[in-house]
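Below you'll find the structure, written out as structure tokens, and then a few comments.
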Amino acid sequence: MSTEPFFETFSAIPDPRKEVNKKHLMIDMLFITLCAVISGVKSWEQIEEFAVDREDWLRKYLELPNGIPSHDAIRYLFLFLDEKAFNKAFADWVEKIRPNLGDHHIAIDGKTSRRSGSKKTALKPLHSVSAWSTEMSLVLGQVHVKEKSNEITAIPELLDMLELQGCLVTIDAMGCQKDIAEKIIEKGGDYVLALKANQKNLHEEIKDYFDDAIENDFRDTKVYQFQTTEKDHGRLESRQYYVTNDIDDLFEVKSWPGIKSIAMVLAQRKIDGEISQEKRYYICSCKDGYERIQRGIREHWSIENSLHWVLDVCFDEDQCRKRIKNSAANISTVRKIAVNMMKSETSYKASIVGKMLKAGRNTNYLEKVLAV
């Protein structure tokens, strides 16, 4: 078992406790919490019980100078641990355990932990913006904000944590901002940014461009077309992709850093005989990588299915009521470390829930999950 990257990286986080309260080692409590979360544990009290039951096994890896820490001691640490330092350590740890990304696709999207807020105290729910490697199914980094609208300021902070050289970054319409596009280009990446009415003039210009091109059957436009069709449980969904770099005559696009092409997706869905259609628009910094653009648009929402869904269904994140100080943000980071470890462990062909159940009853398997 190799836990060196974890211990080396997370031991460097500043300990928020006063000397008088340092009865237990910070890294011991972080490791215990991680093991418990991987095993399906959800409350502070259950984390302590988990550790008490596995004290002999834990002593193989931890000092535990004063025995097993109480749930109050663990809770106190997570209340006051610097969430930004924890996130930075998380991103550094991912850099150590993953290979060079190269020409990889990074999807960036936000998620709200709804029960972490409180109407009674006017506390806003925790909103996290995560970067997801679609090829490796890994969370590469995250930033926590108090409101969804703050994604615009959180995304540049997240991009600063990431190695983007050669990568394709996709972001939904909230992240369609000039400074975000510029930062991705400056760091050596390419972007595909979804476009909606929050960029009104640009949106209208590109919409009119494709409306005219379709009406004229693309006679005067060089365009790449690609279609995908998916059928599942009575639902038929087709997507027609149109990508062009023939944009020299467009006025609004000229002020966008690195823009080389624009795209439209005509999505048609048929469910029980009823048909609905939607047009979606994108700006891209890729000039000739049409299939790369199409793949990035199509795979962007894997962050919803492979990360956000897992956090809510397997870890009950949306129901988590940890609200005081930094507890919600810090336990969210632990969950994402756990997701990365379980996604990386491939010897046991099971769902995340199946892996959690096995790790909870079998420390030999838990060691395999930890040894990423």
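If you read the sequence shown in the numbering used here, its first letter stands for residue 103, the second for the next number, and so on.
Every residue, glycine too, gets a C-beta built ideally from N, C-alpha and C.
Alpha-carbon to alpha-carbon, residue 298 and residue 465: On the sequence shown, residue 465 is found 363 positions in, with the first residue counted as 1. On the sequence shown, residue 298 is found 196 positions in, with the first residue counted as 1. Cα-Cα distance, rounded: 49 Å.
Own chain, CB closer than 6 Å to residue 460, minus 5 neighbours either side, in chain order: Against the sequence shown, residue 460 aligns to sequence position 358. Answer for residue 460: 467, listed in chain order.
Contact test: residue 196 Cβ vs the ligand NAP heavy atom, cutoff 6 Å: Of ligands this structure carries none, so the ligand NAP is not represented either.
Coil, strand or helix - residue 311 by DSSP: As a working mapping, residue 311 is identified with position 209 in the sequence shown. Looking at residue 311 - three-state DSSP - the assignment turns out to be helix.
Sheet register partners of residue 292 (DSSP bridge): Here residue 292 is taken as the residue at index 190 of the sequence shown, counted from 1. Its beta-bridge partners are 270.
Same chain, Cβ closer than 6 Å to residue 205, neighbours up to 5 away in sequence not counted: Numbered from its first residue, the sequence shown carries residue 205 at position 103. For residue 205, where only same-chain residues beyond five positions count, the Cβ hits under 6 Å are 268.
The region 112-124 touching the region 138-149, judged by at least three CB pairs closer than 8 Å: Counting Cβ pairs under 8 Å, fewer than three are found: no touch.
Same chain only: Cβ atoms within 6 Å of residue 261, ignoring 5 sequence neighbours per side: Position 159 of the sequence shown, counting from 1, holds the residue named residue 261. These residues qualify, in order along the chain: 285.
Bounding residues of the beta strand (DSSP E) (the contiguous stretch that carries residue 388): The residue labelled residue 388 in the question sits at position 286 within the sequence shown. Counting along the chain, residue 388 falls outside any beta strand (DSSP E), and DSSP gives it neither H nor E.
Residue 128 - partner residues in DSSP beta bridges: For the purposes of this step, residue 128 is identified with residue 26 of the sequence shown, where counting begins at 1. Residue 128 is not bridged to any residue.
Sequence-distant residues of its chain with Cβ nearer than 7 Å to residue 427 (five each side left out): Position 325 of the sequence shown, counting from 1, holds the residue named residue 427. Taken in chain order, the residues that qualify are 181 and 182.
Where the beta strand (DSSP E) containing residue 364 begins and where it ends: Here residue 364 is taken as the residue at index 262 of the sequence shown, counted from 1. Run containing residue 364: 363-373, per the beta strand (DSSP E) assignment.
Simplified DSSP assignment, three categories, for residue 234: Position 132 of the sequence shown holds residue 234. Strand, per DSSP.
Residue 331, DSSP secondary structure in three states: Within the sequence shown, the letter at position 229 stands for residue 331. Residue 331: strand per DSSP, three-state reduction.
Residues near residue 287 by beta carbon distance below 7 Å, same chain, minus five either side: Taking the first residue of the sequence shown as 1, we reach residue 287 at position 185. The answer, listed in chain order, is 359, 360 and 387.
Burial state of residue 213 (16 or more Cβ within 10 Å): Here residue 213 refers to the residue found at position 111 of the sequence shown. With 16 or more Cβ atoms within 10 Å of its Cβ, residue 213 is classed as buried.
Exposure of residue 432, with buried meaning 16 or more beta-carbon neighbours within 10 Å: As a position in the sequence shown, residue 432 is number 330, starting the count at 1. Buried, because 16 or more other Cβ atoms sit within 10 Å of the Cβ of residue 432.
Close-in-space but distant-in-sequence residues of the same chain around residue 113 (CB under 6 Å, 5 per side omitted): As a working mapping, residue 113 is identified with position 11 in the sequence shown. Excluding sequence neighbours, residue 113 sits near 129.
Burial state of residue 377 (16 or more Cβ within 10 Å): By one-based count along the sequence shown, residue 377 stands at place 275. Classification of residue 377: exposed, given that the 10 Å Cβ count is below 16.
Limits of the unbroken beta strand (DSSP E) element including residue 100: With the chain covering only 103 through 474, there is no way to say anything about residue 100.
Three CB pairs or more closer than 8 Å across the region 224-243 and the region 169-179: no
Local Cβ density within 10 Å of residue 452, reported as buried at 16 or more and exposed below that: Locating residue 452 in the sequence shown gives position 350, where the first residue counts as 1. Looking at its Cβ environment, which holds fewer than 16 other Cβ atoms inside 10 Å, residue 452 is exposed.
Alpha carbon of residue 471 to alpha carbon of residue 159, nearest angstrom: Translated into positions along the sequence shown, residue 471 becomes position 369. Translated into positions along the sequence shown, residue 159 becomes position 57. Cα to Cα, the separation comes out at about 15 Å.
Exposure of residue 211, with buried meaning 16 or more beta-carbon neighbours within 10 Å: Against the sequence shown, residue 211 aligns to sequence position 109. Residue 211 is buried by the Cβ-count criterion.
Nonlocal neighbours in the same chain, by C-beta distance under 6 Å from residue 273, ignoring five residues either side: In the sequence shown, residue 273 corresponds to position 171, counting from 1. For residue 273, where only same-chain residues beyond five positions count, the Cβ hits under 6 Å are 210 and 295.
C-beta atoms of residue 448 and residue 188 nearer than 7 Å: Your numbering for residue 448 matches position 346 in the sequence shown. Your numbering for residue 188 matches position 86 in the sequence shown. No.
Exposure of residue 220, with buried meaning 16 or more beta-carbon neighbours within 10 Å: If you number the sequence shown from 1, residue 220 lands on position 118. With a pLDDT of only 49 at residue 220, under the threshold of 50, the placement of this residue in the model should not be trusted; the figure read from the coordinates follows. Around the beta carbon of residue 220, fewer than 16 other beta carbons lie within 10 angstroms, which makes this residue exposed.
Residue 381, DSSP secondary structure in three states: The residue given as residue 381 occupies position 279 in the sequence shown. Correct three-state label for residue 381: strand.
Simplified DSSP assignment, three categories, for residue 325: Position 223 of the sequence shown holds residue 325. Note: residue 325 maps to coil in three-state DSSP.
Residue 277 vs residue 257 beta-carbon contact at 7 Å: Your numbering for residue 277 matches position 175 in the sequence shown. Your numbering for residue 257 matches position 155 in the sequence shown. In contact: residue 277 and residue 257 (Cβ atoms closer than 7 Å).
Exposed unless 16 or more other CB atoms sit within 10 angstroms - verdict on residue 314: The sequence position of residue 314 within the sequence shown is 212, counting from 1. Exposed: under 16 other Cβ atoms inside 10 Å.
Neighbourhood of residue 194 by C-beta distance below 8 Å, restricted to the same chain and skipping five residues each side: Translated into positions along the sequence shown, residue 194 becomes position 92. Here the set comprises 111.
Beta-carbon proximity list for residue 289, same chain, < 6 Å, skipping 5 on both sides: Here the question's residue 289 lines up with position 187 in the sequence shown. The answer, listed in chain order, is 266.
For residue 246, the first and last residue of its enclosing alpha helix (DSSP H): Position 144 of the sequence shown holds residue 246. Where residue 246 is concerned, there is no enclosing alpha helix (DSSP H), although the beta strand (DSSP E) it sits in stretches over 240-247.
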